[in-house]
Every structure is written in structure tokens, then in C-alpha cells.
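Every letter in the sequence shown is one number past the one before it in my numbering, and letter 83, counting from 1, is 84. Structure, as C-alpha cells:
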Amino acid sequence: MRSAFAYIGLLAAFLMNPVPTPAQTAPKPTSVAALLKASRWQQRVLLLYAPTATDPALLRQQELLRAAGPELEARQLLVRELVGSMLSAADARYLAQQLGVAPGGFAVVLIGKDGGVKKRATQPLPPASLFATIDAMPMRRQEMRQQP
Numbered sequence: 002m003r004s005a006f007a008y009i010g011l012l013a014a015f016l017m018n019p020v021p022t023p024a025q026t027a028p029k030p031t032s033v034a035a036l037l038k039a040s041r042w043q044q045r046v047l048l049l050y051a052p053t054a055t056d057p058a059l060l061r062q063q064e065l066l067r068a069a070g071p072e073l074e075a076r077q078l079l080v081r082e083l084v085g086s087m088l089s090a091a092d093a094r095y096l097a098q099q100l101g102v103a104p105g106g107f108a109v110v111l112i113g114k115d116g117g118v119k120k121r122a123t124q125p126l127p128p129a130s131l132f133a134t135i136d137a138m139p140m141r142r143q144e145m146r147q148q149p
């Protein structure tokens, strides 16, 4: 009888504290620079910067992208929102110096798989414009040729 209770206790402990998968234990990038470095050659990155989370341009861009989920995935596009009031000083400096993002306004920055800036905008971008830019990239054209 004691072994049955021990087994039940062990099972309950496992269910309450499951063993994490490698994806769950992999360290997540903690800075914008680290995110871009980790994404290089893996996926494109779309950075949405706004001074506050309630910025009207940010909300509009979110709305535009919401319906484009399958197209974003097809283009291996990772979307990250960066809110100025929540950024570290190092991230704010990186955005300004490396990516040309002005701290006071809204910005959209498309980063290619090679790590280079491919498009910048200070107004919400329609998905069609974004996809046209991506689809003209040599790597994306190669991906499209390889798709069945």
C-alpha cells in the first residue's frame, strides 16, 4: 500500500512540475541587439517602436498585422513591439544609433535575415507594402522557388 501512495505522490509532483522542453529552457534574448543577433539567418524581424503602448500608430499597425498572420509566417517574419517607456537605456541607444529610430515617435523597421535594415517607416505600413518589400529580396525569392 505504501508503494502505491509513493507512486501517486511522485506522479503528482511530476504533473505539478513537468520537465521543461529544450525550447522552454533556451535563453531568450534580453536586448534588441541580442534578439537581432539570434534572428540573423533564421528569420526576418519587424520592429514596431512607439513611445507608449497606447500610441495610436502602434495600435493601428497591430490592427493591420493581425489579419496577416499566415502571410507573416510564410515570410518567416518575427514581429516585436518595443515601447520606449519600457526600454532599457542600452536598447534605446541601440535603436537610435544602429537603427535610426527617433525616441519620440512611431517607427517600423524591417530587418532582413542578413541583419540589414530593409525598410523604415514612421507611419503604419500596410501589409501589402511590407510583403512587396520582402518578396523582392533575393533570399525570399529563393525561398519561394524552393516551396512546393
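All C-beta atoms in this analysis are idealised placements derived from N, C-alpha and C, irrespective of residue type, glycine included.
Nearest neighbour of residue i, chosen from the options [CA to CA]
i      : options                     : result
SER130 : VAL110, GLN147, ASP115      : VAL110
LYS114 : GLY70, SER32, ARG45, ALA51  : ARG45
LEU66  : GLY106, GLN99, ALA54, ARG81 : ARG81
ALA54  : LEU100, GLY106, PRO71       : GLY106
ALA51  : PHE132, ALA93, GLN43, GLU72 : ALA93
For residue i, three-class secondary structure by DSSP
i      : result
ARG142 : helix
VAL186 : Only positions 2 to 149 of the chain appear in the structure, and residue 186 is not among them; the question remains open.
LEU79  : strand
Distance CB(residue i)-CB(residue j) smaller than 8 Å
i      : j      : result
LEU37  : ILE112 : yes
LEU59  : LEU49  : yes
LEU96  : LEU79  : no
PRO128 : ALA69  : yes
GLN62  : PRO125 : yes
ALA137 : ARG121 : no
Bounding residues of the alpha helix (DSSP H) (the contiguous stretch that carries residue i)
i      : result
LEU49  : No alpha helix (DSSP H) contains LEU49, which is instead part of the beta strand (DSSP E) from 45–51.
ALA90  : 90–100
ALA150 : Because residue 150 is not part of the residues shown, which for the chain are 2 to 149, the question remains open.
First and last residue of the uninterrupted beta strand (DSSP E) at residue i
i      : result
ARG121 : 118–122
Original post:
Touching or not, the stretch 131–147 and the stretch 85–102, by the rule of three or more beta carbon pairs under 8 Å?
Top reply: Because the criterion of three Cβ pairs below 8 Å is not met, the stretch 131–147 and the stretch 85–102 do not touch.
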